[in-house]
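K.L.:
The structure under discussion is supplied below as structure tokens; questions concerning it will follow.
In UniProt numbering, the protein residues as written are 1 to 295.
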């Protein structure tokens, strides 16, 4: 196959990857399967890299048939490379056969290692888009979700990271340059990776919280149960303090306001701690509205 034609094939496959239309690559893969490829053509056209990217994208997006077909094509090319490299030594067939066998074993080991790395490699297993900023966002979200990698498959984690990013992207007007988009990605990353907040990750991964819902949630809604209870406690205490300080109390000139220096104040004493502790005095300045307390 001429180099220019092979480059056209590579360009078409790359476009399908960028658009995530992996299912449309069947005809291209079938055509490539019928061609004889040399090492020089592979290196010059970059077709091997493109088909490998197609395999990874198809695998993570659920296009198992395309992933298998791409993998088969890559194996076919590797076999052709090995055959071309050893085809000239007719004088020692047994030795060549042994060498090829060792080479095949090494390739299988490499493939196993590669597949294992791809499963948890952030850059390799994400579902890519044509936008580098969005791809980086998907990497961050996937990294956060991989805190629980033993609970869910790498492919499912990759899929959920892509859906969350897409929901945030759509929520902010389809613009990855929007500061609000980037801030929200960082916010979701921080909350999802929090080891003390497993409930949020579980809710997202099991569908209790949809990607669209996650994209619109406020920070306090994503907080862990422990933090939510702490916030409720502080809020309740602040309200109680405010209400107690607003009581009419007893008017006095014993206290001087720290803000306006007025002595026109009222005070109330309440038992806010244990019975053997002194009472807390709440003071209200009638001149400027300043409030303070002391024991």
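In this text, a Cβ means the ideal position worked out from N, Cα and C, and glycines have one as well. None of these values were measured; they are calculated from a predicted model.
Can you tell me which of 180, 266, 164, 20 puts its alpha carbon nearest to the alpha carbon of residue 282?
P.N.:
Nearest of 180, 266, 164, 20 to residue 282, Cα basis: 266.
K.L.:
Just reading off the alpha helix (DSSP H) that residue 296 is part of, what are its end residues?
P.N.:
Outside the displayed span of the chain (1 to 295) sits residue 296, for which this structure offers no information.
K.L.:
Below 8 Å, how does it come out for the segment 133–145 and the segment 38–47: are there three or more Cβ pairs, yes or no?
P.N.:
Short answer: they don't touch.
K.L.:
Once you ignore the five residues that flank residue 185 on each side, which residues in its own chain have a CB closer than 8 Å to its CB?
P.N.:
Here the set comprises 137, 140, 141, 165, 168.
K.L.:
Tell me which residue opens and which closes the beta strand (DSSP E) that residue 282 is part of.
P.N.:
Here the beta strand (DSSP E) through residue 282 covers 280–285.
K.L.:
Take the Cβ of residue 162 as the centre, count every other Cβ of all protein chains shown within 10 Å, and call the residue buried at 16 or more, exposed below.
P.N.:
Buried: at least 16 other Cβ atoms inside 10 Å.
K.L.:
Out of 183, 194, 204, 6, point me to the one whose CA is closest to residue 156's CA.
P.N.:
Nearest option by C-alpha distance: 204.
K.L.:
Can you have a look at residue 179 and say buried or exposed, based on whether 16 or more other CB atoms are within 10 angstroms of its CB?
P.N.:
Classification of residue 179: exposed, given that the 10 Å Cβ count is below 16.
K.L.:
Which term fits residue 195, buried or exposed, when burial requires 16 or more other beta carbons within 10 angstroms of its beta carbon?
P.N.:
With fewer than 16 Cβ atoms within 10 Å of its Cβ, residue 195 is classed as exposed.
K.L.:
Among the candidates 32, 36, 182, 201, whose CA atom is the shortest distance from the CA of residue 134?
P.N.:
Nearest of 32, 36, 182, 201 to residue 134, Cα basis: 182.
K.L.:
In chain order, what residues of the same chain lie with their CB nearer than 6 Å to the CB of residue 131, ignoring the 5 residues before and after it?
P.N.:
176.
K.L.:
Just the C-alpha distance for residue 151 and residue 33, rounded to the nearest angstrom, thanks.
P.N.:
Answer to the nearest angstrom: the Cα atoms are 38 Å apart.
K.L.:
I'd like to check one pair, residue 72 with residue 58: are the Cβ atoms closer than 8 Å?
P.N.:
No, these two residues do not count as a Cβ contact at 8 Å.
K.L.:
For residue 296 and residue 129, what's the separation of their Cα atoms in angstroms?
P.N.:
What the structure shows of the chain is the stretch from 1 to 295, and residue 296 is not part of that stretch, so it cannot be assessed.
K.L.:
Grouping DSSP H, G and I as helix and E and B as strand, with all else coil, what is residue 291?
P.N.:
In the structure shown, residue 291 sits in a strand (DSSP, three-state: E or B).
K.L.:
Which residue or residues does DSSP assign as beta-bridge partners of residue 265?
P.N.:
DSSP lists 252, 285 as partners of residue 265.
K.L.:
With a Cβ-Cβ cutoff of 8 Å, do residue 127 and residue 61 count as a contact?
P.N.:
Yes, Cβ-Cβ distance for residue 127 and residue 61 is below 8 Å.
K.L.:
Name the DSSP beta bridge partners of residue 270, please?
P.N.:
Looking at the DSSP assignment, residue 270 forms a beta bridge with 280.
K.L.:
Using C-beta distances below 6 Å, list every residue in its chain close to residue 255, excluding the 5 sequence neighbours before and after it, in chain order.
P.N.:
Taken in chain order, the residues that qualify are 265, 283.
K.L.:
Would you please state the rounded distance, in angstroms, between the beta carbons of residue 263 and residue 276? I believe it to be under 8 Å.
P.N.:
Contact doesn't hold; Cβ gap of about 32 Å is too wide.
K.L.:
How is the alpha helix (DSSP H) around residue 146 delimited, first residue to last?
P.N.:
Here residue 146 belongs to no alpha helix (DSSP H), and DSSP marks it neither H nor E.
K.L.:
Short of 8 Å in beta carbon distance, which residues of its chain neighbour residue 114, apart from the five on each side in sequence? Order them along the chain.
P.N.:
Here residue 114 scores only 45 on pLDDT, less than 50, and its place in the model should not be relied on; the value that follows carries that caveat. Counting only Cβ-Cβ distances below 8 Å, and skipping sequence neighbours, we find nothing.
K.L.:
Considering residue 167, what are the terminal residues of the alpha helix (DSSP H) in which it resides?
P.N.:
Note, residue 167: alpha helix (DSSP H), 154–171.
K.L.:
Which first and last residues belong to the alpha helix (DSSP H) in which residue 30 is found?
P.N.:
First-last of the alpha helix (DSSP H) with residue 30: 26–33.
K.L.:
Anyone know if the C-beta pair for residue 22 and residue 63 falls short of 8 Å?
P.N.:
Contact: yes.
K.L.:
Can you tell me where the alpha helix (DSSP H) with residue 51 in it begins and where it stops?
P.N.:
Element bounds for residue 51: 47–61.
K.L.:
Tell me the DSSP secondary structure of residue 208 in three-state form.
P.N.:
If DSSP states are grouped into helix, strand and coil, residue 208 belongs with coil.
K.L.:
Please list the terminal residues of the continuous alpha helix (DSSP H) segment that includes residue 217.
P.N.:
Neither: residue 217 is in no alpha helix (DSSP H) and is coded neither H nor E.
K.L.:
In chain order, what residues of the same chain lie with their CB nearer than 6 Å to the CB of residue 93, ignoring the 5 residues before and after it?
P.N.:
Low per-residue confidence applies at residue 93: pLDDT is 43, beneath 50, and the placement is therefore not dependable, though the value from the model is reported in the following sentence. Same-chain partners within the cutoff: there are none.
K.L.:
In angstroms with no decimal places, state the Cα-to-Cα distance between residue 4 and residue 35.
P.N.:
Approximately 14 Å between the Cα atoms of the pair.
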